[in-house]
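Numbered per the working numbering, the sequence shown finishes at 337, counting up by one with no gaps.
Note that beta-carbon positions come from the ideal geometry of N, C-alpha and C, so glycine has one too.
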Amino acid sequence: MKRHKFDEIVEKYCAGESSPEEEEMLDRWADMHFRQYTDHSVFTQEDEAQKMKMQIWKKIRIDMVVRKSKSWRGKRQFLAGAAAALVTLLAAAYFLLTAPGKKSSGISVTGAETKNITQVPQRITLPDGSTVVLETGARLVTDEHYGKQARTVYLTGEAFFEVQPNAQKPFFVYTGDLVTEVLGTSFRIRPEGDKKTIEVSVITGKVSVYADNEGDDKKRNGVIATPNQKVIYNTELKTLRHDLTDAPQIIVPDAQVPDFDFKETPLIEVLRLMQQVYRIEIVVRNPALNQCVFTGDLNGLDLYRQLDFICEVMGARYEIRGATVFVNGENCHGL
3 MKRHKFDEIV EKYCAGESSP EEEEMLDRWA DMHFRQYTDH SVFTQEDEAQ
53 KMKMQIWKKI RIDMVVRKSK SWRGKRQFLA GAAAALVTLL AAAYFLLTAP
103 GKKSSGISVT GAETKNITQV PQRITLPDGS TVVLETGARL VTDEHYGKQA
153 RTVYLTGEAF FEVQPNAQKP FFVYTGDLVT EVLGTSFRIR PEGDKKTIEV
203 SVITGKVSVY ADNEGDDKKR NGVIATPNQK VIYNTELKTL RHDLTDAPQI
253 IVPDAQVPDF DFKETPLIEV LRLMQQVYRI EIVVRNPALN QCVFTGDLNG
303 LDLYRQLDFI CEVMGARYEI RGATVFVNGE NCHGL
């Protein structure tokens, strides 16, 4: 399009006198320039880009009319400025929308960044004394407003957290669109790219895990996890699964760990002790099993091997649903 022809169309557009064909021609010209800025911008939906483009056109039209009403001196400069103004606004929109200090959701992500480029875990201490152990390749950004009203960090990769208790300033870890919220606890976050999942496993304390979706119900649809429990988030399906960890650990101090060498002990007592030391829930489906007696040495065995041993002796079986262990059996010997 020749320059003088373009100037005429811009003048008519600003005056509200352009034809549909001329407006389409300007729209194609705008698309050509707008595409330069949206190829790498935060627009995730086509309608978002279209909406922004319409807002920019509206702004151009208002600006041009205001300038036109003030002075008609230098008409050529005014018309030439229309194209420059459009490009300038497009560029401004791009930089405002993709500024490194903001996520598309409007959450600030500026702050100190640490990336573990070594081959060994790297331990860092946050301003409040909380610690994070970054695995190789992991990256952590500490929000610039950390500690003012909340303690917020952004994680890429795998890390282990030990968070200082502070009920007034909750601790948030953003991993993509997954949010882990705690008051004071230790836990591990591990993404598994091949499975398209993120796993949050709790060592001590309690965490709330939910997807960072729009709306007030995002926490309501989340999961509360306690020690020896994990939450698995599917990044494609946007689903949360509550489960026991792969290797539940004894939670109580060593001095409080009971002797697991039982002699003719009612099953209900054996399972009660296991629930206490592992902080998990064990449900016996058939109440008749509770009075069966168990004899055997469970010391030195992990939780799942203990359950295998008990069920073999009692003629029972167990299954794990979510974060709960269910023990099933007809009677003391599975008869």
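Problem set entry | Simplified DSSP assignment, three categories, for G324 | G324 falls in the coil class under three-state DSSP.
For this session: Can you give me the start and stop residues for the alpha helix (DSSP H) that R307 sits inside?
Result: Membership of R307 in the alpha helix (DSSP H) is indicated by the continuous run L305 to M316.
For this session: Tell me where the alpha helix (DSSP H) around E19 begins and ends.
Result: No alpha helix (DSSP H) contains E19, which DSSP labels as neither H nor E.
Exercise. Is T154 buried or exposed, if buried means 16 or more other CB atoms sit within 10 Å of its CB?
Worked result: For T154, the number of other beta carbons within 10 angstroms of its own is at least 16, and it is reported as buried.
For this session: Check the DSSP bridge columns for P193 and list the partner residues they point to.
Result: Bridge partners of P193: I200.
Exercise. Is it right to say L157 is buried, meaning 16 or more other beta carbons lie within 10 angstroms of its own, or is it exposed?
Worked result: Answer is buried; the Cβ neighbour count reaches 16.
Problem set entry | Residues near I11 by beta carbon distance below 7 angstroms, same chain, minus five either side | The residues are S20, E24, M27 and L28.
Exercise. Using 8 angstroms as the Cβ pair cut-off and three pairs as the minimum, do the stretch 264-273 and the stretch 204-217 touch?
Worked result: In this structure the stretch 264-273 does not touch the stretch 204-217; the number of beta carbon pairs closer than 8 angstroms is below three.
Exercise. Counting along the chain, where does the beta strand (DSSP E) carrying Y212 start and finish?
Worked result: Element bounds for Y212: V209 to A213.
Problem set entry | N-terminal and C-terminal residue of the alpha helix (DSSP H) that L291 is part of | L291 -> no alpha helix (DSSP H), and no H or E assigned at all.
Problem set entry | Rounded C-alpha distance that separates T326 from D256 | Each residue's alpha carbon lies about 24 angstroms from the other.
For this session: Excluding the 5 residues preceding and the 5 following P250 in the sequence, name in chain order all residues of the same chain whose CB lies nearer than 7 angstroms to its CB.
Result: For P250, where only same-chain residues beyond five positions count, the Cβ hits under 7 angstroms are N230, Y280, I282 and L305.
Exercise. Assuming I200 and G178 make a contact with CB atoms under 8 angstroms, what is their CB distance in whole Å?
Worked result: Yes, they are in contact, since the Cβ atoms of I200 and G178 sit about 7 angstroms apart, within 8 angstroms.
For this session: Please confirm whether D261 and N236 have their CB atoms less than 9 angstroms apart.
Result: Cβ distance not < 9 angstroms, so D261 and N236 don't count as in contact.
Problem set entry | Beta-bridge partners of S188, as assigned by DSSP | Secondary-structure assignment with DSSP links S188 through a beta bridge to E164 and T206.
Problem set entry | Residues of its chain near P22, where Cβ-Cβ distance is below 7 angstroms and the 5 sequence neighbours each way are ignored | Counting only residues of its own chain and dropping the five nearest sequence neighbours on each side, P22 has no CB closer than 7 angstroms to any other CB.
For this session: Could you tell me which of K171, E194, G149 and P193 sits nearest to V184, measuring between CA atoms?
Result: The shortest C-alpha separation from V184 is found at K171.
For this session: Provide the residue span of the alpha helix (DSSP H) that contains E271, from first to last.
Result: Start and end: L269 to Y280.
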